[in-house]
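To keep things clear, I will list the structure first and then write my remarks on it.
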Amino acid sequence: MKKPAPVQLTVVTSVQVTPNMQRLVLKGEELANFPEDCEGSYIKFLFNQAGGTDLNLVEQGQRPVMRTYTIRRFSRAKCTIEVDFVRHLSNDLSSSFATRWAITAQMGDTINVAGPGSIKAINTQANWFLLVADMTALPALSAKIRQLPVTARGYAVIQVTSKSDIQPIEAPQNVQLIWLTQQESLATKVKSLAWLDGITSIWTACEFDAMRELRSYFQDDKQVDRQLIYISSYWKNGVTEDGHKVLKQQDAQQSQSLS
Ligand SMILES: Cc1cc2nc3c(=O)[nH]c(=O)nc-3n(C[C@H](O)[C@H](O)[C@H](O)COP(=O)(O)OP(=O)(O)OC[C@H]3O[C@@H](n4cnc5c(N)ncnc54)[C@H](O)[C@@H]3O)c2cc1C
Numbered sequence: 256m257k258k259p260a261p262v263q264l265t266v267v268t269s270v271q272v273t274p275n276m277q278r279l280v281l282k283g284e285e286l287a288n289f290p291e292d293c294e295g296s297y298i299k300f301l302f303n304q305a306g307g308t309d310l311n312l313v314e315q316g317q318r319p320v321m322r323t324y325t326i327r328r329f330s331r332a333k334c335t336i337e338v339d340f341v342r343h344l345s346n347d348l349s350s351s352f353a354t355r356w357a358i359t360a361q362m363g364d365t366i367n368v369a370g371p372g373s374i375k376a377i378n379t380q381a382n383w384f385l386l387v388a389d390m391t392a393l394p395a396l397s398a399k400i401r402q403l404p405v406t407a408r409g410y411a412v413i414q415v416t417s418k419s420d421i422q423p424i425e426a427p428q429n430v431q432l433i434w435l436t437q438q439e440s441l442a443t444k445v446k447s448l449a450w451l452d453g454i455t456s457i458w459t460a461c462e463f464d465a466m467r468e469l470r471s472y473f474q475d476d477k478q479v480d481r482q483l484i485y486i487s488s489y490w491k492n493g494v495t496e497d498g499h500k501v502l503k504q505q506d507a508q509q510s511q512s513l514s
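The numbering of the sequence shown is the numbering used here, which starts it at 256 and goes up by one.
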């Protein structure tokens, strides 16, 4: 199927919801064509090679620079999406295009967005659930956890930069929310949890190295069936999204060939 053309969205609001998270609401008539269930799906913000949003300045023979983010909330009635951007700025002006744009965005600014694309759904045919995220995947986790049955039980383990980055999320009553900061290791925290009885369904998204450690724990140590796991790296420390994409493809090939 042909991919839909990018759409131009306009910034409606931008709020620093916690010290390290910037929440933007973006509006555009074309959002009426997004599927109703797109919360938790990803979109790509498009930039020119200088980090600006004017795609007329994309260098000849080059494609726009793309940065991937999650639709945290969608309103078809208002034609808006809500996107949370982790505020992580490096001094290197040749990277962090998306973060820099989000932090400085003003009402009325426009940007081109491609997508949406959906990620693997949580398998709800399980006895308990384990959801794991760092701050980049908190928007996706907060959308996915709303899709669990109200009777769901298990854990949601979420790593934020600092304690003041903890934000309210809606979760089934028997899914325990466990917050930790960057001072602690996400993988170590997950491994310390009591493994519950019965079939588990896993949803995990975080930094590349943490993802690999957790994948090995789920698949090798706990022998969880791959059909019951969604696990993805959302970024890699020290590498821009373009470099991360290459490493992710290599990792997926290696992991397939080992299976
Ligand atoms: C499916 C999917 C959904 C995603 N959804 C979201 C989302 O909703 N919100 C969100 O904030 N991110 C999300 N991400 C992660 C986001 O795409 C990356 O963080 C991306 O690298 C940010 O682009 P940038 O232009 O700001 O930085 P880049 O130019 O890509 O990277 C510049 C430098 O910043 C570092 N860096 C990147 N991310 C972080 C971070 N979080 N903390 C510290 N250093 C970092 C890189 O390692 C690199 O050294 C998602 C990723 C995927 C694959």
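Built from N, CA and C at the ideal position, the CB exists for glycine as well.
Three or more Cβ pairs closer than 8 Å define a contact, and the stretch 500-511 falls short of that threshold against the stretch 446-458. The residue among Pro290, Ala369, Gln438 with its C-alpha nearest the C-alpha of Val320 is Ala369.
Lys299 sits in a strand when the DSSP states are folded into three classes. Annotated as distal: Thr273 and Gln478, with beta-carbon spacing of 7 Å or more. Here the alpha carbon of Leu281 sits roughly 43 Å from the alpha carbon of Asp476. Within 10 angstroms of the beta-carbon of Asp347 lie fewer than 16 other beta-carbons, which makes it exposed. By DSSP's assignment, Gly409 forms a beta bridge with Phe384, Val430. Between Ile484 and Leu385, the gap from beta carbon to beta carbon reaches 7 Å or more. Of the residues assessed, Arg318 falls on the exposed side of the cut-off, its CB having fewer than 16 other CB atoms within 10 angstroms.
Burial state of Glu337 is buried, judged by a 10 Å Cβ sphere holding 16 or more other Cβ atoms. Comparing alpha-carbon positions, the option among Phe302, Gln361, Phe340 lying closest to Thr265 turns out to be Gln361. Relative to the non-hydrogen atoms of ligand 1, the Cβ of Ser349 never comes closer than 6 Å to any of them.
Going by beta carbons, Arg328 and Phe300 fall outside the 7 Å limit. In this structure, Asn492 has its CB closer than 6 Å to one or more heavy atoms of ligand 1. A contact between stretches requires three or more CB pairs, one per stretch, nearer than 8 Å, and the stretch 456-475 meets this requirement with the stretch 384-402. Annotated as distal: Trp383 and Arg401, with beta-carbon spacing of 7 Å or more.
Of the residues Pro261, Ala398, Val262, the one whose Cα lies closest to the Cα of Cys293 is Ala398.
Per the DSSP secondary-structure output, Gln277 pairs in a beta bridge with Gln271, Phe340. Assignment of Thr436 by DSSP, reduced to helix, strand and coil, places it in the strand class.
Thr268 and Gln509 have their C-alpha atoms roughly 42 Å apart. Remark: the shortest separation between the CB of Ser345 and any heavy atom of ligand 1 falls under 6 Å.
Straight-line spacing of the CA atoms in Thr354 and Leu344 works out to 7 Å. The three-state reading of DSSP puts Thr391 in helix, counting H, G and I together. Assignment of beta-bridge partners to Met321 by DSSP yields Leu301.
If you check the C-beta of Arg278 against ligand 1, you find no heavy atom less than 6 Å away.
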